[in-house]
Each structure stands twice: as C-alpha cells, then as structure tokens.
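Chemist:
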Amino acid sequence: MASYLLVNSRDLHEYVGARSVLDLAAQLRARGNPVTLFLVENAVFAARQGSRLNQDLEELTDKGVRVVAEDVALRARGITTLSPAVAQSNIDELADLVVDGSDKVIWY
C-alpha cells in the first residue's frame, strides 16, 4: 500500500478539475491508501469556514483523508477561521512529506 500526498495550489472554487482532485483523494483512500490533501497558495480558499467546499472536505476527512492548509498562504489571504475538516500546517511539514513521508506525490 502506497501513501499519497496530493498537493493542490489552485483555487478549488474556480479550477475546472477541482472535482477530480477531491475524487482522486477519495478513491485512493477507499483502496486503503493513506492520503494527505495539502492545500497551498490559492487552494487554501477551500479551507475557509463557510466555503461551499466545506462539506466535500468534511466527507474526505470522514473517509480518512487528512486535509491540511499551509499557514503562510492562509495568512496572506486573510483566512483566520478554518473548516473543522482542515488542519493548519506549514511548509516544513510539506517538505518532510515530499522528501520522506509519502511514497507518491501528485501536485496540481
């Protein structure tokens, strides 16, 4: 079983392929793989409390996908309140996951 890191930098509200990113995370997890969805840059807009994607992110976490948002991107966009489904993280953890913590990394 491979562990997956899906890094998304695009705003999931505007990106045409956003649904495919979320679906891939769910499918990989359904196959028993550990999955982390790491939101960076404009993707952190989905992490905002009240975002229309909150329910989608909650469904992912209910399935066992770990969803995190990068702290500097959150601050730069004035996001202070996160969806309960999203944990705040930092670029150091992302680097650790890319280098040592994941078997497969997919960056959108």
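Quick note, our numbering runs 10 ahead of the 1-based positions in the sequence shown. Glycine included, every Cβ here is placed at the ideal spot set by N, Cα and C. Model, not experiment: these values are computed from the prediction.
Could you pull the DSSP bridge partners for residue 99 from this structure?
Modeler: Beta-bridge pairing links residue 99 to 80.
Chemist: From residue 21 to residue 87, what distance separates their C-alpha atoms?
Modeler: Approximately 12 angstroms between the Cα atoms of the pair.
Chemist: Sort out for me which residues DSSP pairs residue 18 with in a bridge.
Modeler: DSSP output for residue 18 lists 49 as bridge partner(s).
Chemist: From this set, 28, 74, 67, which residue's C-alpha is nearest residue 40's C-alpha?
Modeler: Ranking 28, 74, 67 by Cα distance to residue 40 puts 74 first.
Chemist: Between residue 15 and the rest of its own chain, which residues show a CB-CB distance below 6 angstroms, the 5 nearest in sequence each way excluded?
Modeler: So the qualifying residues of the chain are 46, 107, 112, 115.
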